[in-house]
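Chains as they are written, first to last, in full-length UniProt numbering: chain A, 1 to 279; chain B, 1 to 446.
Everything below concerns the one structure shown next.
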Amino acid sequence: MVDVMRQDLLALEGRRRLYTGLSVVLLIAVVAAGYREASALNSGGFLQGLLKFFDYPSQIVMQAWDQGWEFWSLFPKFLPALIETINIAAVATIIGAVFATVLSLASSRNLEVPAAIIPVVRRIMDIMRAFPELIIALFLIFVLGASPVPAAIAVAFHTSGALGKLFSEVNENIDVKPLEGLKATGSNWLQRVRFGVIPQVLPNYSSYFLLRFEINVRASAILGFVGAGGIGTELSRAIGWGAGSEVAALFLMLFLSIVAIDQLSSYLRRHFVGAENFS
Amino acid sequence: MVAATEQSTALMAETVRVSVRKASTVPMLLLVGVALYLIYAWNAFDITALLERAQLSKGALLISDSVAYKTHVTKNLRRGDFEVAIEGERHATYKDLPDWVRGDADKFSVDLGDGYVVRVEDKSLAFEVPGYGTIRSELVGKKIVTELPEGPVPDWLKARDVKLDARPTFSRRVQMSRAKIEIHKFDYGWENFWFPFTSVLHGKSFGELLEIAGSPERLDADMPNWRFILSSFWGNPEWQHGIVAVALFETILMAVLGTVTAAACGLPLAFVAASNFNPNGTLRFVVRRIFDFVRGIDMLIWSLIFIRAFGLGPLTGSLAIAFTDTGSLGKLFSEALENIDRKQVEGVESTGANRWQRYRFGVIPQILPVFTSQFLYYVESNTRSATVIGALGAGGIGLVLVETMRTQRDWENTFYIIGLIIVMVFIMDSSSSWLRRKLIAGGEKR
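Right, dumping it as structure tokens:
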């Protein structure tokens, strides 16, 4: 009896392994085919590209090297562009966070908002999150002209949806006892949110806010490429003109600022939510 | 006694007041700081000037142009000939006049619907506008002489010596200059969406198409009719359905290939970077810094470097995504590995399992939910990223979008591509969250 069962189990296990193995082989085949297809659709080939891969980076570095001490004077030159990019990200994150707070309060099940509006607000946030910011930015650049404002609006739109979802998850995890206490004192909905909800969620909100700011710095830099100003615009100009040392300076500045914001934000987030809750 | 209670109540109230004030000071300062920053940003972005320059009419034009197209009826006053063409384009000129134009070059009438009729005779026109009267214009020598009905001139009408421009409704416009008379009729919809204007299939209904597809009589000697219909649609030169479909495929290919590669490279490296699997601190440090480096350099910069090396196309995009996300996924996986439960590994070990079996049966099942959910989440978000880096020049639908926007001629094409991108993002989004719910036990709809 036991032997039969064992045999059955072994057979089952064997089949399962066979299927797993087959799906792994299939996956590898699909990926390989995908790469072949991608390589065929590409204008340059994979192997020639591999040989040329270091050409461009080394060319940039060489040009930067040739500049000598002059190279470092490019940094102050591009500083305003960098500040502009960071401003776009900061304004967009602030405005986005304000909208996200409102949207998240309207879409949390435990805050006594009318049940009918919760799914509606959630779908609105889904749409805001899924809508590619590039499209909004391009449309607004057409209407408003090339300036940082279209980028800020586009990023803020996306941020509202993305942060709103995270915020509403935070809202749903709070302790409702303070809310009941406040209700007992006769406070209205706004007062309950102000004194019962906000103090509880603020640390997590701040953490997500900083994380989003970091993401938005990258997004703003990219939108600069389509004419939204800031470091992206400078980078696309420098690449277009083949000004290698300027490209190197801009790459380096972008890299350093992203690293700096990364470090600062993770330090602050640790501070807000406490190292033990940090993940 | 009573006085003492009152006193202590007052003291308590005072304490509460002070603590509330203390507690509100920091948020208030923060709010003031944010407000000051926004004022600074308002000036830095020069929003006041921007609002003055903003051309909201351009936006309205764009939206209306996206859903409507116009047909021009043009009479050349110098040569005396006339033609009817969609958007006034040479390749979309009607050979047989549509039924709302009647007559010949010397004398014809255009019925714009709802009683709006334009009659053109030699070098004069009469435009009947219901509720206003008839506008009569004639080219006399080098001057346009216009005769208007009694009463004040409405603001949709401009009549000068050199030009007449009347647009009583959004969808009807008549213009006259010394060189030509031009009548615009606007229709909702996307013209020539299915088949090119010159194709014999243009304007056929779905039933007629089915009939053509079934009929043995070949329209094109080289192929059966159903294939002819498909290839006419696929190769439509204006809407480029074939090219757009390939571009969409490229974008999804970029996202999926890039993420699969990143996950495949990230997982083994994550074991090296996790402190409970790799006792070698130096190696751990090196791998972690590699993760930070590829992640920190940013997809933007990677894609620019890859474009130089590999040219435009999905391979470039895939590699850029793969590089960046090896860093992100590797970091996430190594954190998941550090958080696993030792006991299951020990259990597997106690059965005499070797190192690989321990990983396979003790570790992988534990991190699989994290792995799957992060993988799917990244596929989804990379679909959006692939559109964006495509627009920078990596290819795919992003590049097609930017190119159609740059020409700024056919906004309906742009609108169509935007629609397709949004549909694509939504499909990727919802299928990934559906899969996440299905694959991860206990996963609930969020």
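Built from N, CA and C at the ideal position, the CB exists for glycine as well.
Please read all numbers here as calculations on a predicted model, not as lab measurements.
Across the set G398(B), A35(B), L329(B), the C-alpha of L329(B) shows the shortest separation from the C-alpha of G266(B). Secondary structure remark: continuous beta strand (DSSP E) runs of at least 3 residues inside the segment 389 to 417 of chain B: none found. In the same chain as S199(B), and ignoring 5 residues on each side of it, the C-beta atoms closer than 6 angstroms to its own belong to S232, in chain order. For A156(A), the closest Cβ of chain B is not nearer than 8 angstroms. Nearest CB-CB separation between R288(B) and chain A: not below the 8 angstroms threshold.
Close partners of I258(A) in chain B (Cβ separation under 8 angstroms): G296, D298.
Of all residues in the segment 3 to 32 of chain B, none is placed with a Cβ closer than 7 angstroms to any Cβ belonging to chain A.
No Cβ-Cβ contact shorter than 8 angstroms links I141(A) with A243(A). In its chain, beyond the 5 residues on either side, S432, R436 have a beta carbon closer than 8 angstroms to the beta carbon of Y377(B). Of all C-beta pairs linking the segment 43 to 61 of chain B to the segment 78 to 96 of chain B, fewer than three are shorter than 8 angstroms, placing the two stretches out of contact. The way I'd put it, the segment 254 to 272 of chain B doesn't touch the segment 195 to 205 of chain A; fewer than three beta-carbon pairs between them come closer than 8 angstroms. The alpha-carbon separation between I301(B) and A162(A) amounts to approximately 24 angstroms. V118(B) is the residue among V140(B), V118(B), V145(B) whose C-alpha sits nearest the C-alpha of T134(B).
Its chain contains no residue whose beta carbon lies nearer than 7 angstroms to that of T169(B) once the 5 sequence neighbours on both sides are disregarded. Residue environment for N382(B): buried (at least 16 other C-beta atoms within 10 angstroms of its C-beta).
In this structure, G49(A) and F310(B) form a Cβ contact; the two beta carbons are roughly 4 angstroms apart against a cut-off of 8 angstroms. Sixteen is the threshold: when 16 or more other Cβ atoms of the shown chains lie within 10 Å of the Cβ of G34(A), as they do, the residue is buried. Beta bridge pairing from DSSP links N76(B) with K180(B). V273(A) and L11(B) have their C-alpha atoms spaced approximately 34 angstroms apart. The straight-line gap separating the alpha-carbon atoms of A106(A) and L31(B) is approximately 22 angstroms. Under a criterion of Cβ atoms nearer than 9 angstroms, the residues of chain B adjacent to R218(A) are, in order, D298, M299, L300.
Listed along chain B are L50, R53, A54, Q55, each with a C-beta nearer than 9 angstroms to that of G145(A). Within the same chain, and ignoring the five residues on either side of L253(B) in sequence, the residues whose Cβ sits closer than 6 angstroms to its Cβ are P314.
The beta carbon of K52(A) falls within 8 angstroms of a beta carbon belonging to chain B, placing the residue at that interface. In this chain, D165(B) is not harboured by any alpha helix (DSSP H); it is covered by the beta strand (DSSP E) spanning 163 to 169.
Nearest C-alpha to I153(A) among L82(A), A97(A), F71(A), R15(A): A97(A). Rounded to the nearest whole angstrom, the CA to CA distance from N173(A) to I321(B) is 34 angstroms. Neighbourhood of S318(B) in chain A, by CB distance below 7 angstroms: A38, in chain order. Taking CB atoms only, I418(B) has a neighbour in chain A less than 8 angstroms away. Buried is the label assigned to Y416(B), since at least 16 other Cβ atoms lie within 10 Å of its Cβ.
In the structure shown, T146(B) falls within a strand segment according to DSSP collapsed to helix, strand and coil. Contact residues of the segment 104 to 131 of chain A toward chain B are A130, F131 (C-beta to C-beta distance below 7 angstroms). In the three-state DSSP reduction, E238(B) falls in the coil class, being neither helix nor strand. Chain B places a beta carbon closer than 8 angstroms to that of N87(A), counting this residue as a contact.
For T324(B), the enclosing alpha helix (DSSP H) stretches over residues 314 to 338. When the beta-carbon positions are compared, P150(A) and A137(A) come within less than 8 angstroms of each other.
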